[in-house]
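For the record, the sequence lines run as chains A and B.
In terms of my numbering, the first sequence opens at residue 1 and continues consecutively.
In terms of my numbering, the second sequence opens at residue 1 and continues consecutively.
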Amino acid sequence: GPKQYTITKFFQKL
Amino acid sequence: MFELRLVQGSLLKKVLESIKDLVNDANFDCSSTGFSLQAMDSSHVALVALLLRSEGFEHYRCDRNLTMGMNLANMAKMLKCAGNDDIITIKADDGTDTVTFMFESPSQDKISDFEMKLMDIDSEHLGIPEAEYEAIIRMPSAEFARICRDLSSIGDTVVISVTKEGVRFSARGDIGAANIVCRQNATVDKPEDATIIEMQEPVTLTFALRYMNSFTKATPLAEQVTISMSSDLPVVVEYKVAGMGYIRYYLAPKIEE
């Protein structure tokens, strides 16, 4: 099935 | 020192109910802008951003920026002790490791205060880029909650697909499959019953229903929910908090490899 991505993949740490 | 007073204390109770199942511990940031929070769930799949603007409170004083680390389950326990009609005050003095919640009954005949220990929480702040979304759906929040709940009995994931036909929510599982299509409907008596779909590009994304269902805990806060989607980006599910701000939930998609 499709892979669950994490939020940190899209939004960079400040 | 930091002090805020909210006459409609039930809003704060509802806000806590909306985030406590998703996030265990979180830092509340207090500044002249307002009372805010950004936190991820333990698996870093979802992120919640809360903003309650200072102008929305009857009283708001923040002498200098302050971060208060709180266990949200404990904070929710304390706020549950406030009556729905109570006025809530939150106070923290500089240099102390506690926060005080004060509840006043509307007739001022009962005043309670609860003191809670603050925590040191290592949390990373993420930069959320401003995005132009390919599709934005505004719909009754109760309808969205119903759809998420119904599809959960069929499968674990929901495929949300926006086309010029409308928005389709689909789930599939061992017992079968379900498709729910909502069409734009702006010709309603009450604006809160409307479904409005703004689409620049057709977009289809897949999400874990468990998180979507957790987001719908915010349903009592707002009659309408806004769902913003772009290909290969986290979805944003937003509930307004009555003239004060918002709760935004971001959920990373599932992507076929």
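Don't be surprised by glycine CBs; every beta carbon is placed ideally from N, CA and C.
The model shown is predicted, which means the values in this text are computed figures rather than measured ones.
Around LEU151 (chain B), no beta-carbon contact reaches into chain A at under 8 Å, the shortest distance being about 16 Å. By the neighbour-count definition (other C-beta atoms within 10 Å, threshold 16), MET1 (chain B) is an exposed residue. For the pair of segments examined, the stretch 176-196 of chain B was found not to touch the stretch 229-247 of chain B: the number of CB pairs separated by less than 8 Å stays below three.
Scanning its chain for C-beta atoms nearer than 6 Å, with the 5 sequence neighbours on each side dropped, one finds around LEU37 (chain B) the residues ALA26, PHE28, LEU50, in chain order.
Three or more Cβ pairs drawn from the stretch 201-210 of chain B and the stretch 157-172 of chain B lie within less than 8 Å of each other, which places the two stretches in contact.
About 4 Å separates the beta carbon of GLU238 (chain B) from that of THR226 (chain B), a gap short enough to meet the 8 Å contact definition. Counting C-beta atoms within 10 angstroms of its own C-beta, VAL188 (chain B) has fewer than 16 neighbours from the protein chains shown and is therefore classed as exposed.
Sorting B:PHE114, B:SER105, B:VAL167, B:MET229 by C-alpha distance to the C-alpha of MET75 (chain B) places B:PHE114 at the top.
With distances taken between CA atoms, HIS125 (chain B) lies nearest to B:VAL48 out of B:VAL48, B:GLY95, B:PHE215, B:ALA135. In this structure, the CA atom of ILE247 (chain B) is about 19 Å from the CA atom of ARG146 (chain B). Per the coordinates, the alpha-carbon of VAL181 (chain B) lies some 21 Å from the alpha-carbon of ASP174 (chain B). When only Cα atoms are considered, ASP63 (chain B) and PRO2 (chain A) end up about 48 Å apart.
Excluding residues up to 5 positions away in sequence, ASP25, GLY69, MET70, ASN71 lie with their Cβ nearer than 8 Å to the Cβ of MET119 (chain B) in the same chain. For HIS125 (chain B), the chain A residues whose C-beta falls within less than 8 Å of its own C-beta are LYS13, LEU14, listed in chain order. Distance from the Cα of PHE103 (chain B) is smallest, within the candidate group B:THR96, B:ASP97, B:ILE111, for B:ILE111. In the three-state scheme derived from DSSP, where H, G and I count as helix and E and B as strand, THR219 (chain B) is classed as helix.
Nearest C-alpha to ILE19 (chain B) among B:ALA39, B:VAL7, B:SER32, B:THR33: B:ALA39.
Separation of ARG61 (chain B) and ILE90 (chain B) (C-alpha to C-alpha, rounded to the nearest whole angstrom) is 10 Å. Non-local beta-carbon contacts of ILE121 (chain B) in its own chain, meaning distances under 6 Å to residues more than five positions away in sequence, involve ASP25, ASN27, GLY69 in chain order. Among the residues facing chain A, ALA178 (chain B) is not included, as its CB has no counterpart in that chain under 9 Å away.
According to the DSSP secondary-structure assignment, SER112 (chain B) is paired through a beta bridge with B:PHE103. The beta-bridge partner set that DSSP reports for GLY34 (chain B) consists of B:ARG53.
Shown in chain order are the members of the stretch 233-244 of chain B whose Cβ falls below 8 Å from a Cβ of chain A: LEU233, PRO234. Annotated as distal: LEU251 (chain B) and MET199 (chain B), with beta-carbon spacing of 9 Å or more.
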